[in-house]
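Residue 127 in the numbering used here sits at position 131 of the sequence shown; the count goes up by one each step and never skips.
All C-beta atoms, glycine included, are put in the ideal place defined by N, C-alpha and C.
One structure below.
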Amino acid sequence: MTLKVLIIEDHELYRDGLRLLVLEALPGTTVLEAGDFASARSRLAEHPDTDLVLLDIHIPGTVGLDGLKTLKANHPALPLVVVSTVDHHASIQQMLQLGADGFVAKTSSRAVMIQAFQAIMDGEEVIISGQDPAEAISLSPRQIATLEQLALGLPNKEIASQLNIAPATVREYVSDLLMRFECDNRTQVVLKARRLGFILD
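Rendered as C-alpha cells:
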C-alpha cells in the first residue's frame, strides 16, 4: 500500500526539501503539498486516505495554533506532526495538548529528520527539540488562559469575567505568574511569555 503524506508549508524551498526527505525516509510515498490553510483543507478533502500530515503552524490562513486545532477537530485520527521553527518547550506542550502527534524542529539535521519520519510511521510519538527541557516553565491550562488574557491588556476584573472565576483567584494566578517568570510586573510577564513560546500571536 502506498503511503500518502501531506506537507503543509508556505515556503516553497523548504517544502521541496521536506518532500525529498520524506521520499528518502519513506520510498514510494505519494507526497501531497499545500502552501496555505485553505489548500491544506482541500487536499485532505480530496485525499481522505492521507496517512500523515507534516504541518508548519505559521502558514497563511491561520493564527497561532488555530490551524492545528481545526485540523485535529476535523481529522482526529489522522497523525499530524508539527515541523516548525517555533521550538519552545511551552509551545510544544500546547501543540501536544491540542492533539499533535509529534514535533520536529526545523533546525534538525537531515539524518535526524529522516529517522524521525520513519519512527513516526512506525507509530512512535517523536519530539525533537533544540531546547533544553531543564529551562522549561510548566503552567496549568488555567494559568495559560490567564496569561493570554493578560496579553490582551485586560484588568483582573475583566479576566475574572472572561474565565468565569473569582477576581481573588485571578490575583492568585497573576502573582504566581510573576513568581514563575521572575518578573516585577504584568508587562514583563507577557513579554517573557511571548519569548518563551507560551503566547503565539
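Is it true that the CB of residue j sits closer than 8 Å to the CB of residue i?
i    : j    : result
S80  : D52  : yes
I4   : V59  : no
L40  : L2   : yes
G31  : D6   : yes
G126 : A107 : no
I116 : F99  : no
G13  : F33  : no
L135 : M91  : no
Does residue i come out as helix, strand or coil in the three-state DSSP assignment?
i    : result
L66  : As written in the sequence, residue 66 is Thr, which differs from the Leu given in the question. Note: T66 maps to helix in three-state DSSP.
K153 : helix
T26  : strand
F177 : coil
S35  : helix
A162 : coil
G95  : coil
I53  : coil
A189 : helix
I3   : strand
L74  : coil
Less than 6 Å between C-beta atoms, sequence neighbours within five positions excluded: which residues of the same chain meet that for residue i?
i    : result
F182 : Looking at the sequence itself, residue 182 is Arg, so the reference to Phe does not match. Closer than 6 Å at the Cβ level, and outside the excluded window around R182, lie L146.
A86  : L192, G193 and F194
Once the 5 residues before and after residue i are set aside, which same chain residues still bring their CB inside 8 Å of it?
i    : result
S162 : A small fix is needed here, since residue 162 is Ala in this sequence, not Ser. Around A162: A156.
N152 : P163, V166, R167 and V170
H43  : K0, L2 and L28
M175 : none
Compare the Cα-Cα distances from residue i to each of the options and report the closest residue.
i    : options                   : result
V78  : S35, H43 and D97          : D97
I133 : K102, E178, Q114 and E144 : E178
S38  : D12, N70 and R15          : N70
Using a Cβ-Cβ cutoff of less than 7 Å, which residues in the same chain neighbour residue i once the five nearest sequence positions on both sides are dropped?
i    : result
A130 : For A130, the pLDDT reaches just 49, beneath the cut-off of 50, and the residue's location in the model is therefore unreliable, leaving the point undetermined.
E20  : I110
V27  : V1, I3, R15, V18 and L19
Q184 : none
L74  : T46 and V49
Within the region 103 to 136, ranges of the alpha helix (DSSP H) (whole runs, at least 4 residues): 106 to 117
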